[in-house]
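J.: This is the structure I have questions about; it appears just below.
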Ligand code: NAD
Ligand code: UDP
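Residue numbers (our numbering): 1 to 319.
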């Protein structure tokens, strides 16, 4: 297949490029580097099966040649209000990537007769009252809170994707991604894993926002990519959760990072840094992924952190 990946220079997009090239496909990457980095794809430059365009998905997209699949991953993705790379601080770009970018990529898939895959998110469930979250749960969300620019853009994107499927017969799919971590995360983007792993390797106390009782379920990137690629190869149209259902509090997560890095500095609680409507609980119900894709994660937190450490050490010049 010849596959377009938007957001190709980002954390997930670059791993998808590697996986799909490894599976023997031709990959066309597209990115405007707003939160991604050239370094994430520099190893692919010169590969005859990889082409790259610097472009903003909010503008009309033209890609010469045939496309068999379009995967829309371009969007700022960090919720941390303290980070300049977070969608809190890129609110209009975030809404445009989710709305206009989805419209443009769907139009391209329609014109090419391509399979389409939208990167959606567990954030469409908001601060969930159903736990764990099944794909049928409609969410506890709002249009005006600080996370709304991301959540509502992704919700719109899902609806538009299904509209293209229902009205135009485009072969669409939607993955709802839960917290994922691994090499190539931006150390400065403010998400929990890069913040804390960097702090641990520098011997600093890990910053816990609020009291650390809020939960998340962290998936290692290789597991996620495997699930996404299985969804791409399937004929499923309705949303599928992909994530690791092992749930823990953010305090337990921080303790695991301190243990694995032998960081003696402990944790520090920053009450005011926890944003309004930061979800209290999050855990995927992955029954659909198991039944439809035969997928479930294989890599536990300890193994995943071990695989992530070398990249962070290299970036911090500690290797
Ligand atoms: P990332 O910031 O590393 O990657 C996003 C990429 O999109 C970056 O390279 C950025 O430059 C690019 N981009 C953003 N706006 C663009 C635009 N208008 N035009 C072209 N390129 C643009 O983030 P990520 O974690 O790799 O996330 C990728 C996708 O997965 C996003 O759509 C995100 O919403 C989704 N997602 C990620 C997670 C996670 O845990 N990593 C969880 C849920 C959903
Ligand atoms: N968090 C934290 N310390 C940090 C960064 C994040 O305690 O240095 C918390 C954050 O408030 C949230 C959780 O960790 O409750 C996960 O945050 P992340 O930014 O990774 O993404 P989210 O799951 O909120 O989208």
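For every residue, glycine included, the Cβ atom is placed at its ideal position computed from N, Cα and C.
Just to confirm, does residue 75 get its C-beta within under 7 angstroms of one of the non-hydrogen atoms of the ligand NAD?
T.: Yes, the Cβ of residue 75 comes within 7 angstroms of a heavy atom of the ligand NAD.
J.: Should the segment 277-287 be regarded as contacting the segment 115-134, the criterion being three or more beta carbon pairs within less than 8 angstroms?
T.: A contact exists between the segment 277-287 and the segment 115-134.
J.: Given this structure, state the Cα-to-Cα distance separating residue 222 from residue 15, to the nearest angstrom.
T.: Each residue's alpha carbon lies about 8 angstroms from the other.
J.: Over the uninterrupted beta strand (DSSP E) stretch that includes residue 336, give me the two end residues.
T.: A question about residue 336 goes unanswered here, because the residues of the chain that appear run from 1 up to 319.
J.: Comparing C-alpha positions only, which one of 141, 65, 233 and 182 sits nearest to residue 172?
T.: Closest by alpha carbon: 233.
J.: Distance, Cα to Cα, residue 67 vs residue 177?
T.: Looking at the two C-alpha atoms, the distance is approximately 24 angstroms.
J.: From 205, 231 and 167, pick the residue whose C-alpha is nearest to that of residue 296; which is it?
T.: Answer by Cα proximity: 231.
J.: Looking at the secondary structure, which residues open and close the beta strand (DSSP E) in which residue 321 lies?
T.: Only positions 1 to 319 of the chain appear in this structure, which leaves residue 321 out of reach.
J.: Name, in chain order, the residues that DSSP records as bridge partners for residue 54.
T.: BP columns for residue 54 point to 31.
J.: What's the gap between the Cα of residue 167 and the Cα of residue 161?
T.: Between residue 167 and residue 161, the C-alpha separation is close to 10 angstroms.
J.: Have a look at residue 311 and residue 30 and give me their C-alpha separation to the nearest angstrom.
T.: Using only the alpha carbons, I get a separation of about 24 angstroms.
J.: With a threshold of 7 angstroms (Cβ to nearest heavy atom), would residue 119 be considered close to the ligand UDP?
T.: Outside the cutoff, so no.
J.: For residue 209, verify whether its CB is less than 7 angstroms away from any heavy atom of the ligand UDP.
T.: Yes, Cβ of residue 209 sits closer than 7 angstroms to a heavy atom of the ligand UDP.
J.: Say the cut is 7 angstroms; is the CB of residue 31 nearer than that to a heavy atom of the ligand NAD?
T.: At least one heavy atom of the ligand NAD is nearer than 7 angstroms to the Cβ of residue 31, so yes.
J.: Exposed or buried, what is residue 88 when buried is set at 16 or more other beta-carbons lying within 10 Å of its beta-carbon?
T.: Per the 10 Å Cβ criterion, buried.
J.: Would you report the Cα separation of residue 11 and residue 220, rounded to the nearest angstrom?
T.: Rounded to the nearest angstrom, the two C-alpha atoms are 12 angstroms apart.
J.: Could you pull the start and end residues of the beta strand (DSSP E) that residue 240 belongs to?
T.: 240-242 is the extent of the beta strand (DSSP E) around residue 240.
J.: DSSP three-state call for residue 115: helix, strand or coil?
T.: Of the three classes helix, strand and coil, the one that applies to residue 115 here is strand, per DSSP.
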